[in-house]
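Peer 1: Everything in the sequence shown is counted per our numbering, starting at 43 for the first residue and increasing by one. Let me give you the structure first, and then I'll get to my questions.
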Amino acid sequence: MELRAPRGTSDIFSRQAGLRRHLEETAVELFGWYGYHPITTPIFERTELFTRSIGESTDIVQKEMYTFRDKSGRSLTLRPEGTAPVVRAFLEHKLVSQPLPIKLYYSGPMFRYERPQAGRSREFWQLGVEAIGSMNPAIDAETVSLMMHYLETLGLRDLELLLNSMGCSRCCPSFVKVLRAYLEEHQANLCTDCKRRVQLNPLRIFDCKKERCRGLLKEAPLITDYLCVDCKAHFAEVQSLLMSVGVEFKLEPSLVRGFDYYTKTAFEVRSPHLGAQNALGGGGRYDGLIEEFGGPPTPAIGFALGVERVILALHREGIDLPGDSTLDVFLAVVGKESKPEGFKLLDKLRKLGIATDMDYGDRSLKAQMKLADRMGALYTLFVGSEELEKGMCKIRDMKSGEQVEVAFEKIPRWLKKQIGSRKGKK
Ligand SMILES: [Zn+2]
Ligand SMILES: [Zn+2]
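So, in structure tokens, the structure goes:
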């Protein structure tokens with residue numbers, strides 16, 4: 043048996059794990075300021091949930107889902123995205139009877155069978171929000187601006203925000219008709235996938251990466267020329283609200299995102315540092331989805347960010363983030379007979395919230411010092427029989443090398459104060 047994680051998956055530990063936690067903690071705090079509450083949904087759902095919401099014609103449903111039968115023969119799918127499960131939960135728990143909009147955020151792994159490459163894996167993490175129950179353009183502007191605020195809070199500077207409107211169930215079909223007619227005229231130049239897309243859903247051609255299809259789309263009709271009066275007014279207000287809070291964006295009429303459920307506002311944020319997989323995330327309105335699942339007509343909007351891509355962008359922009367948790371104190375035991383006292387002190391410091399560790403291998407003092415260094419301890423505290431007799435312990439500042447003697451009973455307070463002021467300065 044080969045002991046290796048499956049292709050397109052990875053183990054997350056040490057610095058990567060710390061970074062991920064930092065992203066999550068920042069999200070928890072910031073999303074809370076915008077009135078969001080957490081939700082966790084299952085990793086797998088009934089397959090139908092995704093085929094019906096994401097759309098039969100999308101790449102996700104056609105090629106990328108991890109679908110399997112359980113022992114009772116039910117068709118289940120590892121979630122490829124987070125919106126459909128949240129909508130399912132919203133309906134199942136009758137959250138529609140609560141004051142709307144209801145604002146929910148999630149964080150967790152998603153699964154898509156794609157070709158792994160930089161910034162794309164088969165198991166990937168997403169951080170997302172869904173605001174359900176408001177048609178107001180202010181919710182669109184707020185959602186987009188929250189996404190940008192979050193990325194900027196992490197330190198990202200080089201971001202490009204693209205904005206489009208997908209129209210509604212009244213105006214989008216007339217655009218699709220015109221687009222289909224145009225594509226049928228140029229059928230011969232389309233790739234095999236796109237030939238099929240023309241009939242299933244011509245909008246999906248915008249997802250095609252092939253040069254010849256992209257070339258054709260440059261001359262294609264634009265959705266924004268076909269918006270109804272209502273969609274036009276909505277889109278104009280979203281734009282003016284975004285400008286009023288200083289969010290810069292670029293209009294991109296070919297932005298459709300890879301889901302069938304989007305209506306009206308669609309958006310995507312990109313980083314120029316990521317190469318081919320340059321989208322950090324995006325989202326849009328999905329005003330028809332809840333009704334599609336048998337709920338009352340309920341407008342909604344959301345976004346999702348790719349956690350690995352955000353981390354990659356931070357790295358490429360050279361932004362240093364707090365990674366793994368740090369060790370405050372290494373407790374060096376000088377001589378075996380001092381171990382019981384050392385262990386008691388270790389316990390006391392930890393219970394005071396000071397991150398403390400020691401050697402568990404009865405190593406020499408020299409080896410313990412090496413270990414303290416490798417663990418990145420801020421201070422090393424020496425506990426030996428001589429120290430215990432005197433009632434004074436040596437404490438070394440590992441950065442400056444300076445050493446001080448502190449009375450045994452004053453050690454916890456002394457350390458707490460020093461570490462507090464060091465962390466405050468950071
Ligand atoms: Zn419309
Ligand atoms: Zn194509």
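The beta-carbon is built from N, C-alpha and C at its ideal position, and this holds for glycine as well. Computed from a predicted structure; not experimentally measured.
1. Checking 9 Å against the spacing of the C-beta atoms, do C475 and Y303 come in under that value?
2. Can the beta-carbon of L297 be found closer than 9 Å to that of L205?
3. Between I85 and P122, what straight-line distance do the alpha-carbon atoms span, to the nearest angstrom?
4. In chain order, what residues place their C-beta within less than 6 Å of a heavy atom belonging to ligand 1?
5. With C-beta atoms as the reference, is A19 less than 9 Å away from M440?
6. Which first and last residues belong to the beta strand (DSSP E) in which C435 is found?
7. Along the chain, where does the alpha helix (DSSP H) containing K260 start, and where does it finish?
8. How many whole angstroms separate the CB atoms of Q229 and K219, which I take to be in contact at a CB cut-off of 8 Å?
9. If I follow the unbroken beta strand (DSSP E) through K306, where does it start and stop?
10. Could you tell me how far apart the beta carbons of R392 and T398 are, in whole angstroms, since I believe they sit closer than 8 Å?
11. Pick out every residue whose C-beta is nearer than 7 Å to a heavy atom of ligand 2: which are they, in chain order?
12. Which value, in whole angstroms, describes the spacing of the CA atoms of Q58 and L354?
13. Candidates G395, V289, L430, C233: which alpha carbon is nearest E451's?
14. Near T51, which residues of its chain fall below 7 Å by C-beta distance, leaving aside the five closest residues on each side in sequence?
15. Once you ignore the five residues that flank T119 on each side, which residues in its own chain have a CB closer than 7 Å to its CB?
16. Pick helix, strand or coil for V218, following the three-state DSSP scheme.
17. Check whether the segment 66-73 touches the segment 143-159, counting contact only when three or more Cβ pairs, one atom from each stretch, lie closer than 8 Å.
18. Using a 10 Å radius around the Cβ and a threshold of 16 neighbouring Cβ atoms, would you call S114 buried or exposed?
19. For Y402, count neighbouring C-beta atoms within 10 Å of its own C-beta (all shown protein chains included) and say buried if the count is 16 or more, exposed if not.
20. Starting from S187, follow the alpha helix (DSSP H) in both directions and report where the run begins and ends.
21. In or out: H276 buried (at least 16 other Cβ within 10 Å) or exposed?
22. Which residues share a DSSP beta bridge with Y148?
23. Using the three-state DSSP reduction, which class does L72 fall into: helix, strand or coil?
24. To which residues does DSSP link L14 through a beta bridge?
25. So does the segment 188-196 actually touch the segment 343-362, counting three or more Cβ pairs closer than 8 Å?
26. Beta carbon of R351, beta carbon of G300: below 9 Å?
27. Consult DSSP for R299 and reduce its assignment to one of helix, strand or coil.
28. Tell me E15's beta-bridge partners as DSSP assigns them.
29. Measuring only the C-alpha atoms, how far is R116 from P244?
30. Rounded to whole angstroms, what's the CA-CA distance from M285 to R130? Just pull it up for me.
31. How should L45 be labelled, buried or exposed, when 16 other C-beta atoms within 10 angstroms of its C-beta is the threshold for buried?
32. Write down the C-beta distance between A160 and G360 rounded to the nearest angstrom, noting that I regard them as a contact closer than 8 Å.
33. Does the segment 174-185 come into contact with the segment 330-345, if we say contact requires no fewer than three beta-carbon pairs (one atom in each stretch) closer than 8 Å?
34. For I103, which residues of its own chain have a beta-carbon under 8 Å away from its beta-carbon, when the five flanking residues on both sides are left out?
35. Which runs of the beta strand (DSSP E) fall wholly inside the segment 327-403 and span at least 3 residues, in chain order?
36. Using the rule of at least 16 other Cβ atoms within 10 Å of the residue's Cβ for burial, across every protein chain shown, is V271 buried or exposed?
Peer 2: Here's the rundown:
1. Nothing can be reported for residue 475: it is not among the residues displayed for the chain, which extend from 43 to 468.
2. Cβ distance < 9 Å, so L297 and L205 count as in contact.
3. Per the coordinates, the alpha-carbon of I85 lies some 9 Å from the alpha-carbon of P122.
4. A Cβ closer than 6 Å to some heavy atom of ligand 1 marks a residue here, and those residues are G209, C210, R212, C213, L269, C270, D272, C273.
5. The structure shown does not extend to residue 19, since the chain is modelled only from 43 through 468, so no value can be given for it.
6. It spans 434-439 - the beta strand (DSSP E) in which C435 sits, taken as one unbroken run.
7. The continuous alpha helix (DSSP H) containing K260 extends over residues 253-260.
8. Going by Cβ atoms, the distance from Q229 to K219 rounds to 16 Å, so no, they are not a contact pair.
9. Per DSSP, K306 belongs to the beta strand (DSSP E) from 305-312.
10. That pair is a contact at about 5 Å.
11. Working through the chain, the matches are L232, C233, D235, C236, I247, C250, K252, C255.
12. Note on geometry: alpha-carbon atoms of Q58 and L354 lie some 11 Å from one another.
13. If we check each option's Cα against that of E451, L430 comes out closest.
14. The answer, listed in chain order, is S163, R164, E165.
15. These residues qualify, in order along the chain: F86, E87, T89, F92, M107, Y108, T109.
16. The three-state reading of DSSP puts V218 in helix, counting H, G and I together.
17. Counting C-beta pairs with one atom in each stretch, the segment 66-73 and the segment 143-159 have three or more that are closer than 8 Å, which means they touch.
18. Answer is exposed; the Cβ neighbour count stays below 16.
19. With fewer than 16 other Cβ atoms within 10 Å, it is exposed.
20. For S187, the enclosing alpha helix (DSSP H) starts and ends at 179-196.
21. Buried: at least 16 other Cβ atoms inside 10 Å.
22. According to DSSP, residue pairing for Y148 in a beta bridge involves G170.
23. Helix, per DSSP.
24. Since the displayed the chain opens at 43 and closes at 468, residue 14 lies outside it and no answer follows.
25. Touching, per the Cβ criterion.
26. Taking the C-beta atoms as reference points, G300 is found no nearer than 9 Å to R351.
27. Collapsing the DSSP output to three states places R299 in coil.
28. Shown here, the chain extends from 43 to 468; a query on residue 15 therefore has no answer.
29. Taking the Cα positions, R116 is about 32 Å away from P244.
30. Taking the Cα positions, M285 is about 34 Å away from R130.
31. L45 should be labelled exposed.
32. Contact flag wrong, Cβ pair sits at about 17 Å.
33. Segments in contact, yes.
34. A quick correction: the sequence has Val, not Ile, at residue 103. Excluding sequence neighbours, V103 sits near F92, T93, I96, G97.
35. Complete beta strand (DSSP E) runs here, min 3: 342-348, 371-376, 398-400.
36. V271 is exposed by the Cβ-count criterion.
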